[in-house]
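For the record, in the sequence shown the residue sitting at position 208 is 209 according to the numbering used here, with numbers rising by one throughout.
We treat Cβ as the ideally placed atom computed from N, Cα and C, and that holds for glycine.
So the structure is just underneath, and the comments pick up after that.
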Amino acid sequence: MKKAKKVKDSPKESSIMKSVLEELNVKASPIQEKKKFDLRDIFWNYPEFLISTYRKFIPLSYIILFGLLVFLFVLILNSNSFANSLRRSNSDDTFVEGVVGGVNTLNPIFVTNNYIERSLESLIFEKFVNIDSNGQPYSGIAKNWEVKENGLVYIFTIDKGHFWHDGTEVTIDDVIFTFNSAIELSKEAGFDSVGLAFAEMEVNKIDENTIQLKINEANPVFFRAISIYILPQKHLKDVEINKIAFAPFSKAPIGSGKYSFVKMDTTSVFLVDSAYDRYEPKIKNFVFKLYPDDKSLEMAFRVGRLDSIGSWDRTLSNYVKEYSNFVNYEIVIPDREKLVFINIRKESLKDRNIRNSLNLLLDKEKLLDEYNIGGKVLKGPYPSSSWAFNKDVDFHDYNPSKAGEILKSLGYSINPNSGYFENAQGEVLTFTMSYLSNPSNNRLVKLIVDYYKKEGIFIKLEELDYERITQELIATRNFELLLYEIETSVDPDQYNLWHSLKINYPDLNLSGYEYDRVDILLEEGRQSLDRAVRKQKYLQFQKYLVADSPAIFLYNPLFEYYVRENLEGIDFSNISHSYERFHNIEDWYWK
2 MKKAKKVKDS PKESSIMKSV LEELNVKASP IQEKKKFDLR DIFWNYPEFL ISTYRKFIPL
62 SYIILFGLLV FLFVLILNSN SFANSLRRSN SDDTFVEGVV GGVNTLNPIF VTNNYIERSL
122 ESLIFEKFVN IDSNGQPYSG IAKNWEVKEN GLVYIFTIDK GHFWHDGTEV TIDDVIFTFN
182 SAIELSKEAG FDSVGLAFAE MEVNKIDENT IQLKINEANP VFFRAISIYI LPQKHLKDVE
242 INKIAFAPFS KAPIGSGKYS FVKMDTTSVF LVDSAYDRYE PKIKNFVFKL YPDDKSLEMA
302 FRVGRLDSIG SWDRTLSNYV KEYSNFVNYE IVIPDREKLV FINIRKESLK DRNIRNSLNL
362 LLDKEKLLDE YNIGGKVLKG PYPSSSWAFN KDVDFHDYNP SKAGEILKSL GYSINPNSGY
422 FENAQGEVLT FTMSYLSNPS NNRLVKLIVD YYKKEGIFIK LEELDYERIT QELIATRNFE
482 LLLYEIETSV DPDQYNLWHS LKINYPDLNL SGYEYDRVDI LLEEGRQSLD RAVRKQKYLQ
542 FQKYLVADSP AIFLYNPLFE YYVRENLEGI DFSNISHSYE RFHNIEDWYW K
């Protein structure tokens with residue numbers, strides 16, 4: 002074997018080799034020296050750490066960050082302290098109320114059920130006479146009066162010192178113009194005006210301070226009929242009677258009330274303290290903020306833009322209870338009734354035993370409690386607080402056993418398979434309930450359907466908008482059951498609701514109820530001015546009406562008024578309607 006020859010390195014090669022080895026040693030050193038994990042480095046370099054982590058987990062990090070921001074935003078909106086901090090963005094002489102809805106007209110000569118319009122009219126205009134919660138008249142523009150000829154002639158003296166918002170004085174001619182225009186609108190032009198209540202009244206001017214009003218027969222509710230807002234003649238006298246509803250005045254009114262109109266748009270109505278009245282309110286500026294729906298109202302409330310909201314449905318306004326800086330004023334409105342009209346014209350509802358059964362099968366107390374809207378159950382046409390209420394009437398309180406016996410006598414029995422009442426031909430006892438679509442009614446009718454289903458009655462629902470329910474259904478009287486809300490009065494006169502002469506459109510006997518004895522009692526009740534005599538008539542009237550069941554009386558609604566706790570002076574003790582809540586606004590002030 003040949004031995005390998007040893008080769009001697011040259012100095013140049015040794016130098017190169019050494020350099021390469023040193024370089025390799027330097028590059029390898031970081032790998033050889035392992036650095037221990039130190040939590041302090043993360044805290045010291047947290048910005049870089051967070052950024053790198055955020056980038057590493059994109060897009061998940063986007064979702065987490067967005068969710069966190071939304072959570073914080075909602076947390077802030079629900080914070081009492083946040084809402085409180087925004088409170089004084091309104092000055093101490095300004096009051097802002099939030100409402101859901103809009104304004105079509107601010108001319109009070111036209112009848113309206115619009116809660117916003119009526120509230121605004123109460124601030125902008127003054128009534129000829131006012132009516133208290135007991136139904137008694139007290140002074141308005143008319144300061145005193147006397148009744149002559151057994152209630153057929155009334156002499157009124159107007160009060161001096163009432164001024165329109167343009168600075169001119171209210172005169173007797175303004176009063177006469179208002180009454181005559183209301184009558185003409187009702188009789189000749191066919192408008193739904195306040196003049197319908199005194200269409201046959203004669204208006205005579207005695208002198209510059211006195212007016213005579215004559216009627217054909219005594220009317221115990223006459224003062225309520227003429228409790229209307231007075232209009233300025235000079236701003237409307239040149240407008241054709243059939244065009245008054247569309248005149249600029251309806252959108253920019255001039256009144257003589259405590260507040261004058263400033264401007265209106267789709268989101269707000271602005272009023273300011275009248276410079277010409279006899280009051281000096283602390284609240285100088287009044288703003289109504291208009292919202293399209295309850296969700297928009299809630300958002301505005303939560304961010305502190307509003308000083309008050311009113312509600313007919315505590316479920317929709319329940320969020321207010323989260324805020325300790327708001328108080329709630331409650332009042333059951335006895336002059337509003339929620340009921341179901343039963344159309345006696347329909348063959349399926351002509352038998353009063355069927356109508357009685359529908360009453361007996363509905364547990365109103367339970368319904369109102371589960372509905373959670375607030376209010377007081379109605380047993381008949383009058384609330385228990387009325388001086389005409391008859392506690393001895395045999396009311397149709399919830400009694401499914403009695404209803405079952407009645408229906409059995411009519412040939413109906415429960416089918417154990419379907420759970421519904423059926424006749425001998427196997428036809429289910431079925432009715433259609435029509436109703437105005439809104440969040441409260443939508444909830445209520447579903448409960449009613451469920452309640453009747455459990456008792457064996459099948460209810461079909463017909464959901465309608467305002468135009469259809471007024472112009473089609475009510476005008477034609479083409480319905481079986483109609484869920485509706487009506488406005489009555491503190492006086493028990495319900496001639497317009499139940500007299501047989503009022504069964505056709507545009508009158509209000511929607512059930513088509515006819516009974517001679519009831520007609521006579523209603524006529525005699527409104528012809529006498531003696532309360533004792535009238536009470537006896539209405540006690541009997543209730544017995545007949547309840548026995549015939551032309552309707553299912555549900556409840557008087559509850560109005561809840563939420564207002565900031567530091568607003569003083571509110572008084573609900575003498576009001577019968579929600580729009581009367583501002584009756585003493587001159588006493589309101591921020592504490």
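- Task: Taking the CB atoms as reference points, tell me whether F199 and I227 lie closer together than 8 Å.
- Result: Looking up residue 199 in the sequence shown gives position 198. Looking up residue 227 in the sequence shown gives position 226. Yes, the pair counts as a contact, with Cβ atoms nearer than the cut-off.
- Message: Under DSSP, the alpha helix (DSSP H) around R623 begins and ends at which residues?
- Response: One cannot answer for residue 623 here, as it falls past the ends of the chain, which runs 2 to 592.
- Item | Cβ neighbours of K35 in the same chain (closer than 8 Å, five flanking residues each side left out) | Working through the sequence shown from its first residue, we reach residue 35 at position 34. Only weak support is given to the placement of K35: the predicted model assigns it a pLDDT of 46, under 50, and the value that follows is read from those uncertain coordinates. Around K35: no qualifying Cβ.
- Item | Unbroken alpha helix (DSSP H) run spanning W499, endpoints | Numbered from its first residue, the sequence shown carries residue 499 at position 498. Run containing W499: Y496 to W499, per the alpha helix (DSSP H) assignment.
- Can you give me the Cβ contacts of K592 inside the same chain, cut-off strictly under 6 Å, excluding the 5 residues immediately before and after it? Taking the first residue of the sequence shown as position 1, residue 592 is located at position 591. Closer than 6 Å at the Cβ level, and outside the excluded window around K592, lie N567 and E569.
- Item | Helix, strand or coil at Y467 according to DSSP, with G and I counted as helix | Translated into positions along the sequence shown, residue 467 becomes position 466. Looking at Y467 - three-state DSSP - the assignment turns out to be helix.
- Mapping DSSP to helix, strand and coil, what is S309? Along the sequence shown, one-based indexing puts residue 309 at 308. Correct three-state label for S309: strand.
- Item | Same chain, Cβ closer than 8 Å to I32, five either side skipped, listed in chain order | Stepping through the sequence shown from its first residue, residue 32 is reached at position 31. Annotation note: pLDDT 42 at I32 (below 50); position unreliable, coordinate value reported separately. There are no such residues.
- Beta-carbon proximity check, K264 vs Y280, cutoff 8 Å: Within the sequence shown, numbered from 1, the residue matching residue 264 stands at position 263. Within the sequence shown, numbered from 1, the residue matching residue 280 stands at position 279. No. Outside cutoff.
- Query: What are the uninterrupted segments assigned as alpha helix (DSSP H) that are 4 or more residues long and contained completely in the region 83-146, given in chain order?
  - Reply: 116-125
- Query: In the structure shown, what three-state DSSP assignment does G420 receive?
  - Reply: In the sequence shown, residue 420 corresponds to position 419, counting from 1. Coil.
- Given 8 Å, three or more beta-carbon pairs between the region 511-526 and the region 312-324: no
- Task: Mind checking who G462 pairs with in its DSSP beta bridge?
- Result: In the sequence shown, counting from the first residue as 1, residue 462 sits at position 461. Here the sequence assigns Leu to residue 462, which means Gly is not the residue at that position. Note: L462 sits in a beta bridge opposite M434.
- Task: Pull up the distance between the alpha-carbon of L482 and that of M434, whole angstroms please.
- Result: Numbered from its first residue, the sequence shown carries residue 482 at position 481. Numbered from its first residue, the sequence shown carries residue 434 at position 433. Straight-line Cα distance between these residues: approximately 5 Å.
- Message: So for D208, helix, strand or coil by DSSP?
- Response: Working through the sequence shown from its first residue, we reach residue 208 at position 207. Strand at D208.
- Give the single residue among S512, K128, F542 and E561 whose Cα lies nearest to the Cα of D395. The sequence position of residue 395 within the sequence shown is 394, counting from 1. Of S512, K128, F542 and E561, the residue nearest in Cα terms is F542.
- Run of the alpha helix (DSSP H) containing V534, from where it starts to where it stops: Taking the first residue of the sequence shown as position 1, residue 534 is located at position 533. Where V534 is concerned, the enclosing alpha helix (DSSP H) stretches over R532 to D549.
- Query: Under three-state DSSP, which class holds F560?
  - Reply: In the sequence shown, residue 560 corresponds to position 559, counting from 1. Strand, per DSSP.
- Query: Excluding five sequence neighbours on each side, which residues of the same chain lie with their C-beta closer than 8 Å to the C-beta of E209?
  - Reply: Looking up residue 209 in the sequence shown gives position 208. Here the set comprises T172 and I173.
- Ignoring anything shorter than 4 residues or poking outside the region 180-255, list the alpha helix (DSSP H) runs there in chain order. 223-226
- Query: Count the other CB atoms within 10 Å of the CB of T106; is the residue buried (16 or more) or exposed (fewer)?
  - Reply: The residue you call residue 106 lines up with position 105 of the sequence shown. Buried: at least 16 other Cβ atoms inside 10 Å.
- Task: May I ask which residues mark the beginning and end of the alpha helix (DSSP H) holding P487?
- Result: The sequence position of residue 487 within the sequence shown is 486, counting from 1. Here residue 487 turns out to be Ile, not Pro, going by the sequence shown. Unbroken run through I487 is the beta strand (DSSP E), L482 to E488; no alpha helix (DSSP H).
- Message: Contact defined as beta carbons within less than 8 Å: I believe I110 pairs with T179. What is the distance between those atoms, to the nearest angstrom?
- Response: Here residue 110 refers to the residue found at position 109 of the sequence shown. Here residue 179 refers to the residue found at position 178 of the sequence shown. The Cβ separation is near 7 Å, so the contact holds.
- Reference L462; option with closest CA among F262, Y372 and F432: Along the sequence shown, read from residue 1 onward, the residue named residue 462 stands at position 461. Per the Cα distances, F432.
- Go through its chain and collect everything with a Cβ distance to G168's Cβ below 7 Å, but skip five positions before and after it. Reading the sequence shown from its first residue, position 167 is the one you call residue 168. The answer, listed in chain order, is Y277.
- Starting from K290, trace the beta strand (DSSP E) both ways and give me its first and last residue. In the sequence shown, residue 290 corresponds to position 289, counting from 1. Start and end: N286 to Y292.
- Task: Determine the extent of the alpha helix (DSSP H) in which K296 is found, giving its start and end residues.
- Result: In the sequence shown, the residue the question calls residue 296 occupies position 295. Unbroken alpha helix (DSSP H) run through K296: D295 to R303.
- Message: Tell me the residue span of the beta strand (DSSP E) that contains E170.
- Response: Residue 170 sits at position 169 when you count from the first residue of the sequence shown. Unbroken run through E170: none, as it is neither H nor E.
- Query: Is there contact between the region 145-160 and the region 282-301, where contact requires at least three CB pairs shorter than 8 Å?
  - Reply: no
- Those residues which DSSP pairs with I343 across a bridge: In the sequence shown, residue 343 corresponds to position 342, counting from 1. Partner(s): L482.
- Message: Determine whether the beta carbon atoms of R478 and L509 lie at a separation below 8 Å.
- Response: Translated into the one-based positions of the sequence shown, residue 478 becomes position 477. Translated into the one-based positions of the sequence shown, residue 509 becomes position 508. Not in contact: R478 and L509 (Cβ atoms no closer than 8 Å).
- If you count every other CB in all the chains shown that lies within 10 Å of the CB of V101, and 16 or more means buried, which is it? Taking the sequence shown and counting its residues from 1, the one referred to as residue 101 is at position 100. Buried, because 16 or more other Cβ atoms sit within 10 Å of the Cβ of V101.
- When you compare only the Cα positions, how much space is there between I470 and Y590? Along the sequence shown, one-based indexing puts residue 470 at 469. Along the sequence shown, one-based indexing puts residue 590 at 589. Going from the Cα of I470 to the Cα of Y590 covers about 42 Å.
- Please list, in chain order, all residues of the same chain as N131 whose beta carbon is under 8 Å from its beta carbon, the five residues on each side excluded. Against the sequence shown, residue 131 aligns to sequence position 130. These residues qualify, in order along the chain: P138, Y139, S140, G141 and S228.
- Please name the residue or residues paired with V519 in a DSSP beta bridge. In the sequence shown, residue 519 corresponds to position 518, counting from 1. Answer is none; V519 lacks a bridge partner.
- Message: What does the Cβ neighbour count give for S123, buried or exposed, with the cut at 16 atoms within 10 Å?
- Response: The residue you call residue 123 lines up with position 122 of the sequence shown. By the neighbour-count rule (16 or more Cβ atoms within 10 Å), S123 is buried.
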